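Accompanying notes for the structure given below.
Protein chains: 2
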Amino acid sequence: MLSATAPTSFSRAARAPFAMPALPASRLADQRASERTAETLKLLQDRLAPARRVVHAGEVVYAAGERFATLFILNSGCFKMVNLAVDGREQVVGLKFRGDWLGFDGIAGAAYACDAVAMDTGEVWMVRYDELLAACRSCPELLTVLHEAMSRQIGRERDSMMSLCTLPADARVAEFLRSWAESLARSGLRSDQITLRMTRAEIGNYLGMTLETVSRALSKLARSGVIAFAGKGRRDIRIDDVAALSAFVQRCLAPASALQ
Amino acid sequence: MLSATAPTSFSRAARAPFAMPALPASRLADQRASERTAETLKLLQDRLAPARRVVHAGEVVYAAGERFATLFILNSGCFKMVNLAVDGREQVVGLKFRGDWLGFDGIAGAAYACDAVAMDTGEVWMVRYDELLAACRSCPELLTVLHEAMSRQIGRERDSMMSLCTLPADARVAEFLRSWAESLARSGLRSDQITLRMTRAEIGNYLGMTLETVSRALSKLARSGVIAFAGKGRRDIRIDDVAALSAFVQRCLAPASALQ
DNA sequence: CGCCACTTTGAATTAGCTCAAATTCCGTGG
DNA sequence: CCACGGAATTTGAGCTAATTCAAAGTGGCG
């Protein structure tokens, strides 16, 4: 009863009208997430002093089938996780940014289950799994951080599964951009300007649609003014208002009101 | 070099022609998985003596937003995990069977992120997360089991994401049945006869298609002889040959050869 | 027995795919 | 510096798989 009323009144108090007009709740959440990322990286650095490795676009940090021994924490850059089925089907099943962990999929079967490919130059920190477990014994906080990272990964993958299943193509692309921007914010980077480091074909593969559909969706978003192409190429995208992306997604879901 | 040749010769030796015709590799893997499930449950029982709770179809073990404190291990029955978006979209994002853990999604945010709903009468074991961590300190094997469960969940969810993205509707339904059968085998149950505890609408929601498409796909599978409806209703499905389901999936992917 | 929820099947519609052509971008070498 | 070639992108047009809409059939259960 108390717990039911308390959050309501709290959230109402927090949303002081006209007080801070340009700081929506999502911005606050992003900031908190960014701080959490920094703290986690600091903890890992202090406690484990992990080996660092600089990677360049296209480099493979681990490949499916390789014997699992170490986890990787992404300090900068971005990665794609590529799954390969026995029949040859290939799919990008996840994207990783600063603060994300790579390699969890390897724990269960003692071998990695997908390829981790850099899409950008960046730096990964390497932590041997057995050493991490040993360190956790003297520093329980490490274990907390590890479990939270795994839990968050499970939650995020479910969210993207939900996007795949319930959103039409245009909305899926919009949601993809929104989520990328959110990831940048979480990394502590500016999120109003993103450089897609994937081709249309890769984006389409990730989102379960063809490259033509991705292209059309992006064109439509630009025509609607929700995004804008920056620079000369069409890989740099400006997002002036992340909320507009969310609104676009909702508009795609609304059945009757098909205004453009 | 050695590692490149060794597996090849091994797998050739293992596939002794005409020696054991009715025991495919998948059956062996299922059996191993089933034993692993049993061992894990035994370990949890011995070390934690978790409280047990019997649940009935429709009961909610935890709901999105509830404060996270305990993990659940499924000893029998089956569960669906239901995600709810802020805009009201609802989706079944996962199915759980004996040996699976529920609640990982709650660790990161201190609150569960989805609803866990029983689809059948079953028994869950409840383990308080803090107590589990404490027990892990004296029994590292528990931690291994926990991490493997989380890792496996990550891997499985990626696989279903891949099915969603790369398979046409008919194949997705076939793959869904195959995966359900596999889960039963992993649980130590017979897998040639499955009782779908979901309506066509729920299956469609889970697979990202409409209930009519699910119905048509099942009819087609039955017409092709890959499955058969057992009992009077159309919820009991007989799968005489799991390999035929995989073959059906492959046939859907083959472009030119469209023999029915 | 009859209601109600679920399922099946058909017919029309459409979102997204396939195929095709034109355009832009970028690295490379003259 | 510019010309060239290949890869990526955009856009159009027709086609197809899957959806929507509709109607009839089936089973479970009070």
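Residue numbers (our numbering), protein chains in the order written: chain A, 1 to 260; chain B, 1001 to 1260. Cβ atoms here follow ideal geometry from the backbone N, Cα and C, with glycine treated the same way. These figures come from a predicted structure and were not determined experimentally.
Any C-beta of chain B sitting closer than 8 Å to the C-beta of residue 218 (chain A)?
no
Keeping to the same chain, check which residues put their C-beta closer than 6 Å to that of residue 206 (chain A); ignore five residues upstream and five downstream.
92
Inspect the beta-carbon positions of residue 1098 (chain B) and residue 1075 (chain B) and report whether they are closer than 8 Å.
yes
Take the Cβ of residue 252 (chain A) as the centre, count every other Cβ of all protein chains shown within 10 Å, and call the residue buried at 16 or more, exposed below.
buried
Under 8 Å, with one C-beta from each stretch per pair, do the region 61-81 of chain A and the region 105-125 of chain A reach the 3-pair mark?
yes
Just how far apart, CA to CA, sit residue 138 (chain A) and residue 1137 (chain B)?
10 Å
Step through the CB atoms of chain A and report whether any lies within less than 8 Å of the CB of residue 956 (chain B).
Residue 956 (chain B) lies beyond the range of chain B shown here (1001 to 1260); nothing can be said about it.
Opening and closing residue of the alpha helix (DSSP H) in which residue 1107 (chain B) lies
1105-1109
Buried or exposed: which applies to residue 186 (chain A), given that a residue is buried once 16 or more other Cβ atoms fall within 10 Å of its Cβ?
buried
With a threshold of 8 Å between beta carbons, is residue 1089 (chain B) in contact with chain A?
yes
For chain B, is any of its Cβ atoms less than 8 Å away from the one on residue 162 (chain A)?
yes
Under 9 Å (Cβ pairs) to chain A, residues found in the region 1104-1136 of chain B
1104, 1105, 1106, 1107, 1108, 1109, 1113, 1114, 1129, 1133, 1136
Beta-carbon proximity list for residue 164 (chain A), same chain, < 6 Å, skipping 5 on both sides
208
Which parts of the region 68-131 of chain A are runs of the beta strand (DSSP E), unbroken and 3 residues or longer, counting only runs that do not cross its ends?
70-76, 79-84, 90-96, 115-118, 122-128
Following the continuous alpha helix (DSSP H) through residue 158 (chain A), name the residue where it begins and the one where it ends.
140-166
How would you label residue 1010 (chain B), buried or exposed, when you count the other beta carbons within 10 angstroms and need 16 or more for buried?
With a pLDDT of 33 at residue 1010 (chain B), under the threshold of 50, the modelled position of this residue cannot be trusted; read the value that follows with caution. Exposed, since its Cβ has fewer than 16 Cβ neighbours within 10 Å.
Starting from the beta carbon of residue 261 (chain A), find every residue of chain B whose beta carbon is closer than 7 Å, and list them in chain order.
Chain A is shown from 1 up to 260; residue 261 (chain A) falls before or after that span and cannot be answered.
Contact criterion: CB-CB distance below 8 Å. Does residue 182 (chain A) meet it with respect to chain B?
no
Under 8 Å, with one C-beta from each stretch per pair, do the region 1039-1058 of chain B and the region 1138-1158 of chain B reach the 3-pair mark?
yes
Using CA atoms only, rank isn't needed, just tell me which of B:1178, B:1238, B:1127 is closest to residue 1026 (chain B).
B:1178
Any Cβ of chain A within less than 8 Å of the Cβ of residue 1147 (chain B)?
yes
Please confirm if residue 1006 (chain B) has its CB atom under 8 Å from at least one CB of chain A.
With a pLDDT of 33 at residue 1006 (chain B), under the threshold of 50, the predicted position of this residue should be treated as unreliable, though the coordinate-derived value follows. With 8 Å as the cut-off, residue 1006 (chain B) does not count as an interface residue toward chain A.
Suppose the cutoff is 6 Å on Cβ atoms and the five residues either side in sequence are ignored; what does the same chain contact list for residue 1149 (chain B) look like?
1101
Should residue 167 (chain A) be listed as close to the ligand MN, given that the test is whether its C-beta is under 7 Å from any heavy atom?
Absence of the ligand MN from the depicted structure is noted, as is the absence of any ligand whatsoever, leaving it without description.
With DSSP collapsed to three states, give me the class of residue 1203 (chain B).
helix
My output table needs one value for residue 1240 (chain B): the three-state DSSP class, helix, strand or coil.
coil
With C-beta atoms as the reference, is residue 1134 (chain B) less than 8 Å away from residue 1058 (chain B)?
no
Hey, does residue 1203 (chain B) have any beta-carbon neighbour from chain A nearer than 8 Å?
no
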